[in-house]
Each structure stands twice: as C-alpha cells, then as structure tokens.
DNA sequence: AAAAAATTGAGGTACGTACCTCATTAGCAG
DNA sequence: CTGCTAATGAGGTACGTACCTCAATTTTTT
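Residue numbers (this note's numbering), protein chains in the order written: chain A, 1 to 340; chain B, 341 to 680.
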C-alpha cells in the first residue's frame, strides 16, 4: 500500500503532529525535524493524497469568469464551454460562474473587482483589455488572496497573474504564411479588418502578419487595417471604399474573433471564392464558410481547451500546486475544410 | 453548504442506509424508496463528492500503457508524456506504467493481455494494430473488469473499447489539401511513403489523401505507396528508383508517424526545397524540418493530449462516470513554421 | 394465520489528512 | 538553579462517503 502520513511519521522518527507541522508549514518546528521529515518523504516516496486533504479542509473551488457583454458566436461558444465544465466538475467541488459586463469600461470593471469577496470566490478568470485601472484592481485582488488568470486577452505577463491563450503574434504570422502560400496570383494587396486595433490581440496579430508577408512574400502588400467598431453600416462603407480604390485585392484577413459581420459585408462587394479569406476562431459561421469555400482557413484557439486550461490553472493555484505547463500551452489551430 | 448524503436522506424521508443502497445500486430497495431518493436528488441538487467517495472506497487508478518496442522519436515523445502524467497525478492515486513489447506479434500481445490480473490493473491503453487474436484478448480483458482504450491505433469502434486518436481518413485529406494548395506547379506527381500499408492508420490516410487529390486537384497524380519496412537500405533504393522513373515529382507525403528515415533518404536524391513535403507528427526532426523549410507542413496529433485523454477516459470509466466527449476528441493539428 | 422473504433503519468503522487542545520535554537565558 | 519559551507528542474530532452488521418492520407467499 501507499505510505500515509502515519508511515511517514514512523519513518522520520517523529510524531504525526510534527509531520503535520512540516507538511502544512506550521510554526514551531526545529531544523532537525524538518530535515528528518523531508528525508523520509524522499526515502519512502510519500505523496499527499489530495482527495483526502481537500476533504479534510473542505476546499471549494469557486471560480468566476468575467466576460464581455458584447460578442457574437465565439463568446457564445466560450460561455457554453464554461457551463459544460461547471456541470462536469460539480462532483469535484468546482463551480464556475459567468459574469458579463461592459468590459470596455475600465472603471466599471475595476470597481467590480474591488467588490469581490475573497471568502466567497477563490479564483477569477477575466477577459478584459489591458488598462491601468484593471491592472491595479487585479493586483489588489491577488493581494487579497484571490487567484487570477487573464483569459484570452489582457496582458500576457503580469506579475502574479497567469495568461491563458495563444501567442497572437504567432497567430498573425501563421495567417500570413497561409495567405502567402495559398495565393496563386503573382502580385496583389491584402485587406485587413478588425473590430478595433486598440485591442492588444488584434495589434499583435497584425504585427505578426506584416512581418511574415514583408519578409517571405514581398510581392504581396498589406493594406491599412479597417476598424468596424461593431457597426454594420460603417463596415459596409469602409469595405466598399477600400475595394473601390484597390482593384488588386487578392486576400482578406479578419483579425477579430467575430468574423461574421465583416465577411458577410465583404461578400456583398466581392466574390469570396476569388480571393483568399482567413479568419479567426471556430464558430458556426466560420465552419460553414470553410465548407462552402468562402473561407480558406481559420486560425483558432479552442474555446473548450481555453476554459479547461483556465480552470486547471486556478485549481492548481488554489491547491498550491504547480501545473504541467505543456498542457496549458494553448495551440494555434489551423482549420481547413478537411480537419473540422 | 452543499447537501450531503445525510441531507439527502432527510429530504427523501428515508434512512442513510437506504440512500446508500440507491446511490450504489445495492439490492433490496423498493420502487417507492428509489423514486423518493431520485426525486430528492433533483430537488435539493445533490451531487456526490467524488473525493470523499474515492477516499472511502480507496480507489486506485493503476493504468498500463502497452506500446511497441520499435519506434523512433514519436514513440519517445509519447513515453515522456506518460511519465509526466504519472508524476503529476500521483497525488490523485493514478499510476501509469509503460510496457513495451513486440506489438506486431498478435500471439505475444494476446498472451500478455490474458495474463493481466484485474486485481492489480484497473485500466489498459494499448497501441497495437488490429488482429483477431488481440481483439479477442481485449474482449476477454474487458469481461474480467479491466477498462481498455485503443490508443492511437487499432479499431476505432470496437464494442466496449473506446478509441483515442485522430480520424486518419481526415488527416490524409488534410494533407492532400495542403499539398494541393501549396503546390505552384500546374502538373506533377506525388510520392507517398509509409512504413507498411498493412497498418490501418496508414491505409486510412492514403484513402483520404487520394480522395481529395482526385476530386479537388486533378492535375496532380499520386504514385503508389512505397513501403520502407523500417529498412534504411530498402528505403533508399525504392526512393531512388521512384524518382528515376518519375521526373515530375512535385510532392512527398510520408504517411507514418516516424518521418525521419524516409525524409532523410529522399533528401539524398532530391532537393526538398523544390517540392512540397508533408509529414506526420511533431518530433525534433519534423520541427527542425519545418524551421529549415525542408518540410512544408506537419499533420500532428498531440501526444500529450492523447495520453491525457486516454487517462481521463480510463479514470472516468473506473469511476463509472461519463466523459465530456468534446474534450477527448483529438484534433488534427496542422503545424507550419509559425505555429510551433 | 403462520412462515418466509423483502425492505428499512440504526449504528458503527474506515479511508487519509487537517487541525485542534493539552501535556510534556528540551533548550536556553538569567 | 529557576523560569521561560520553543519544540514535540498524544490524542482527539472532522470532512463526506462506502460498506458492514443486526434488529425491526413490512410485504409476500404458503
């Protein structure tokens, strides 16, 4: 059988109480006792039984996902995945609540974060653009003992706050490589559309996209980014104008995670089958586009993986464990019509 | 607080013993009691605390991965991932042992399976080609109460035995789509190399590959599959001969998971930068090839995901739980130099 | 109506760890 | 040496569920 704390105490030549003091970092333990226990742990290969430990201290993992209010299909997918995880992990004392708010308002978000009660919430996953207000509020939240991850957006490396998501520079570079290799025309320009370039993810993607096109596909040129601001009328207008002034458009790259509106608009003015179209995220719309040939490739970060990754990370932090970093490295997926 | 079995008993108006009988499917329970308990479960939202349950019945998850002896880098990656999982899940009573054997010998494998003691092993993940002997041995193993998954190979739908791995037909189709779209030449033929076409995964991939090329890229033609049988000399010889008789080769597709030998051989006779090269699985070799440009794309099934998926599946079966099917759907990953 | 069988309840112990109290001992300063 | 504090041990309870026994009750069969 596996060694228990009792076996460990015997092997270390100390009492159960001392083992407990060492294992849980309680005060009043001599150097010597500490050494004896650590040595015995190695020697007999003791591993704490997490289930029993959590049972004893009746740990709960009450997590909260803070998400935007606005959003189309991709946001819906994410929320669905959160609900699935919430159901599936009930028996392991995990609950994952969703809270939606006007995430673009830093003051609102910061005040919400300030009001979180550490006795009622152990972990927070937040999908918010970076801003000084939010950054500070998160820092204070961490200080109050709540674990936090930046979820698919925000800073990739804030101190004490982990990031779950893909490398957006690399995602843009991948999109560029696909455009370049798929494109059969010798010359031409590529239209780029985003919701707003103020979001870090979009600007990172654009950077990666430009770098690869300029370096490896110099015969192609990239047009200035068009910003839709989620406004259909505006979107239609700027696309029409861009196509009018650029007769040599051979590709379309949609930076944002919600591609439905911009691609639908573009389809009104140009035949998507004649140009290379690359979008982000798997949604009912993008899947349909891949199948029909309107979209040539989709760069995706799996929302299910992302959600589970965030939950795993927060759970590990709450347990004071470290995590398998490899598992939580989100992959940049490339979807074609054949590998849906 | 969360309702416990005690609360459930009170809510159902029965004793704790009866609740236990219902929850654990023990005999001697009246229809009525059963109904009362089920109804109360719904009403108060009772969810069994898995940690406590497993503690009480002192469940262990002793898993065994049965792998081939032969194999190059991909097999090494898989074994490394198994070791990582083994370490990481020690505290959750999971152990994952690796056993290697001459997996191509159905009689050997079958006799090994027959000798497995159900009291010492709860689950088995096996990476073996399908054969009547192995199929029967697995069936008997399941009957003896051991849970089994086919791991990255074998039948995709045997009764009572789950499959963890990608859809190989779709993987081949994806490879074909990439070759077709990457290829700038108007006409040409594609060389296909496998270790052996008797393995189901290879033949499935070939099928998918042919279907897409024939349907969507009729200007390309696919040469008959070359079989290396893991023999370097033979590999070199057949590649040389094929290239000699087919001056119009524009692409190379390596079906097997270990691409190092065939691609190295091919490089001796043709400049890989001039043709489209597609391989399977992420290995140090294939990553290097992507970076250098020798390989244009890699179709991969993430070994870490595969291992964890198999472990999750087996654990769930041992607990008598159902699993989130979406999570264990292995993705067909496409790797370019930018999204490694 | 009696006997047999099925159902139910009461009460206990166990799993491995956390955390508490209290008594005792060791070590050290004055 | 005394007094004080730090260190240690002994022993307990708790967490929520599983699983056991045995007696009491109800239902079914004869």
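Where is the CB? At the ideal position from N, CA and C, for every residue including glycine.
- What beta strand (DSSP E) runs, 3 residues minimum, are completely inside the stretch 422-464 of chain B? Scanning the stretch 422-464 of chain B for uninterrupted beta strand (DSSP E) segments of 3 residues or longer gives 434-441, listed from N- to C-terminal end.
- Between the C-alpha atoms of residue 152 (chain A) and residue 163 (chain A), what's the straight-line distance to the nearest angstrom? To locate residue 152 (chain A), count along the first chain from 1; it is residue 152. To locate residue 163 (chain A), count along the first chain from 1; it is residue 163. Here the C-alpha atom of residue 152 (chain A) lies approximately 7 Å from the C-alpha atom of residue 163 (chain A).
- Is residue 82 (chain A) near the ligand FAD, in the sense that its beta carbon is under 7 Å from a heavy atom of that ligand? Of ligands this structure carries none, so the ligand FAD is not represented either.
- Query: Among A:251, A:207, A:144, which has the Cα closest to the Cα of residue 362 (chain A)?
  - Reply: The structure shown does not extend to residue 362 (chain A), since chain A spans only 1 to 340, so no value can be given for it.
- Message: Once DSSP output is grouped into helix, strand and coil, what is the label at residue 273 (chain A)?
- Response: By one-based count along the first chain, residue 273 (chain A) stands at place 273. Correct three-state label for residue 273 (chain A): helix.
- Query: Looking at the C-beta of residue 174 (chain A), does it have a partner C-beta in chain B at a distance below 8 Å?
  - Reply: Your numbering for residue 174 (chain A) matches position 174 in the first chain. Put simply, the CB of residue 174 (chain A) is near chain B, with a gap under 8 Å to one of its CB atoms.
- To the nearest angstrom, how far is it from the Cα of residue 390 (chain B) to the Cα of residue 81 (chain A)? Counting from one through the second chain, the residue named residue 390 (chain B) turns up at place 50. Counting from one through the first chain, the residue named residue 81 (chain A) turns up at place 81. In a straight line, the C-alpha of residue 390 (chain B) is about 22 Å away from that of residue 81 (chain A).
- Task: Below 8 Å on the Cβ atoms is my guess for residue 634 (chain B) versus residue 617 (chain B); work out the distance and round it to an integer in Å.
- Result: Numbered from its first residue, the second chain carries residue 634 (chain B) at position 294. Numbered from its first residue, the second chain carries residue 617 (chain B) at position 277. Between residue 617 (chain B) and residue 634 (chain B) the Cβ distance is about 6 Å, and since that is below 8 Å, they are a contact.
- Give me the Cα-Cα distance between residue 555 (chain B) and residue 339 (chain A), rounded to the nearest whole angstrom. Translated into positions along the second chain, residue 555 (chain B) becomes position 215. Translated into positions along the first chain, residue 339 (chain A) becomes position 339. Looking at the two C-alpha atoms, the distance is approximately 17 Å.
- Going by DSSP, name the residue or residues bridged to residue 503 (chain B). Within the second chain, numbered from 1, the residue matching residue 503 (chain B) stands at position 163. For residue 503 (chain B), the beta-bridge partners assigned by DSSP are B:490.
- Query: Which one of B:445, B:460, B:411, B:354 has the shortest CA to CA distance from residue 596 (chain B)?
  - Reply: Counting from 1 along the second chain, the entry for residue 596 (chain B) is found at position 256. Ranking B:445, B:460, B:411, B:354 by Cα distance to residue 596 (chain B) puts B:411 first.
- Task: Might you give, ordered along the chain, the residues of its own chain that have their beta carbon closer than 6 Å to the beta carbon of residue 168 (chain A), omitting 5 neighbours on each side?
- Result: The residue you call residue 168 (chain A) lines up with position 168 of the first chain. Hits under 6 Å: 201, 204, 205.
- Message: With a threshold of 8 Å between beta-carbons, can residue 336 (chain A) be considered close to chain B, or not?
- Response: Stepping through the first chain from its first residue, residue 336 (chain A) is reached at position 336. True, the Cβ-Cβ gap to chain B drops below 8 Å.
- Query: Does DSSP classify residue 620 (chain B) as helix, strand or coil?
  - Reply: Within the second chain, numbered from 1, the residue matching residue 620 (chain B) stands at position 280. In the three-state reduction of the DSSP assignment, residue 620 (chain B) falls in the strand class, which pools E and B.
- Cβ of residue 333 (chain A) less than 8 Å from any chain B Cβ? Position 333 of the first chain, counted from the first residue, corresponds to residue 333 (chain A). True, the Cβ-Cβ gap to chain B drops below 8 Å.
- Just list the beta strand (DSSP E) runs in the stretch 354-413 of chain B, keeping only unbroken ones of 3 residues or longer that don't cross its boundaries, in chain order. Listed in chain order, the complete beta strand (DSSP E) runs (minimum 3 residues) inside the stretch 354-413 of chain B are 401-408.
- Query: Which first and last residues belong to the alpha helix (DSSP H) in which residue 579 (chain B) is found?
  - Reply: As a working mapping, residue 579 (chain B) is identified with position 239 in the second chain. 572-585 is the extent of the alpha helix (DSSP H) around residue 579 (chain B).
- Between the CA atoms of residue 96 (chain A) and residue 83 (chain A) - distance to the nearest angstrom: Looking up residue 83 (chain A) in the first chain gives position 83. Looking up residue 96 (chain A) in the first chain gives position 96. In this structure, the straight-line span from the alpha carbon of residue 83 (chain A) to that of residue 96 (chain A) is close to 7 Å.
- Relative to the C-alpha of residue 611 (chain B), which residue among B:598, B:636, B:354 is closest? The residue labelled residue 611 (chain B) in the question sits at position 271 within the second chain. Out of B:598, B:636, B:354, B:636 has the C-alpha closest to the C-alpha of residue 611 (chain B).
- Message: Quick check: the stretch 460-475 of chain B against the stretch 430-448 of chain B, are at least 3 beta-carbon pairs closer than 8 Å?
- Response: Contact annotation: the stretch 430-448 of chain B touches the stretch 460-475 of chain B, with at least three C-beta pairs closer than 8 Å.
- For residue 309 (chain A), the three-state DSSP class (helix, strand or coil): Your numbering for residue 309 (chain A) matches position 309 in the first chain. Note: residue 309 (chain A) maps to helix in three-state DSSP.
- Which of the residues in the stretch 375-399 of chain B, read from start to end, lie with their CB under 7 Å from any CB of chain A? If the cut-off is 7 Å between Cβ atoms, the stretch 375-399 of chain B has 387, 388, 389, 390, 391, 392, 394, 395 near chain A.
- Give the residues from the stretch 430-456 of chain B that approach chain A closer than 8 Å (Cβ to any Cβ), ordered along the chain. Residues are counted here when their Cβ sits less than 8 Å from a Cβ of chain A; for the stretch 430-456 of chain B these are 430, 431, 432, 433, given in chain order.
- Message: Could you tell me the alpha carbon to alpha carbon distance between residue 628 (chain B) and residue 31 (chain A), rounded to whole angstroms?
- Response: Numbered from its first residue, the second chain carries residue 628 (chain B) at position 288. Numbered from its first residue, the first chain carries residue 31 (chain A) at position 31. For residue 628 (chain B) and residue 31 (chain A), the distance between alpha carbons rounds to 49 Å.
- With 16 other Cβ atoms within 10 Å as the buried cut-off, status of residue 224 (chain A): For the purposes of this step, residue 224 (chain A) is taken as the residue at position 224 of the first chain. Result: exposed.
- Message: My output table needs one value for residue 478 (chain B): the three-state DSSP class, helix, strand or coil.
- Response: As a first step, residue 478 (chain B) must be located in the second chain, where it is residue number 138. Here residue 478 (chain B) sits in helix by DSSP.
- Message: Under 8 Å, with one C-beta from each stretch per pair, do the stretch 654-664 of chain B and the stretch 532-541 of chain B reach the 3-pair mark?
- Response: When C-beta atoms of the stretch 654-664 of chain B are compared with those of the stretch 532-541 of chain B, fewer than three pairs fall below 8 Å, so the two segments do not count as touching.
- residue 177 (chain A): contacting residues in chain B (beta-carbon distance under 9 Å): If you number the first chain from 1, residue 177 (chain A) lands on position 177. Going along chain B in sequence order, the residues near residue 177 (chain A) (Cβ under 9 Å) are 676, 677, 678, 679.
- CA-CA distance, residue 209 (chain A) and residue 5 (chain A)? Translated into positions along the first chain, residue 209 (chain A) becomes position 209. Translated into positions along the first chain, residue 5 (chain A) becomes position 5. For the pair residue 209 (chain A) and residue 5 (chain A), the Cα-to-Cα distance works out to about 55 Å.
- Message: Can you confirm whether residue 342 (chain A), when its beta carbon is compared against all beta carbons of chain B, has any partner nearer than 8 Å?
- Response: There is simply no residue 342 (chain A) to check, as chain A begins at 1 and stops at 340 in what is shown.
- Message: Would residue 170 (chain A) pass as an interface residue toward chain B - the criterion being a Cβ-Cβ separation below 8 Å?
- Response: Residue mapping note: residue 170 (chain A) aligns to position 170 of the first chain, counting from 1. With 8 Å as the cut-off, residue 170 (chain A) counts as an interface residue toward chain B.
- Task: Can you tell me the Cβ-Cβ gap for residue 377 (chain B) and residue 90 (chain A), rounded? I've got them flagged as a contact below 8 Å.
- Result: Reading the second chain from its first residue, position 37 is the one you call residue 377 (chain B). Reading the first chain from its first residue, position 90 is the one you call residue 90 (chain A). Not confirmed; about 18 Å, so no contact.
- Query: To which residues of the same chain is residue 506 (chain B) closer than 6 Å at the C-beta, ignoring the five residues directly before and after it?
  - Reply: As a working mapping, residue 506 (chain B) is identified with position 166 in the second chain. Excluding positions up to five away in sequence, the list reads 641, 670, 672.
- Residues of the stretch 146-164 of chain A whose Cβ lies closer than 8 Å to any Cβ of chain B, in chain order: Those residues of the stretch 146-164 of chain A that come within reach of chain B (Cβ to Cβ, closer than 8 Å) do not exist; the list is empty.
- Item | Alpha-carbon spacing of residue 116 (chain A) relative to residue 66 (chain A), whole angstroms | Stepping through the first chain from its first residue, residue 116 (chain A) is reached at position 116. Stepping through the first chain from its first residue, residue 66 (chain A) is reached at position 66. Rounded to whole angstroms, residue 116 (chain A) to residue 66 (chain A) spans 12 Å at the Cα level.
- Message: Helix, strand or coil, according to DSSP, for residue 467 (chain B) in the structure here?
- Response: Against the second chain, residue 467 (chain B) aligns to sequence position 127. Residue 467 (chain B) sits in coil when the DSSP states are folded into three classes, being neither helix nor strand.
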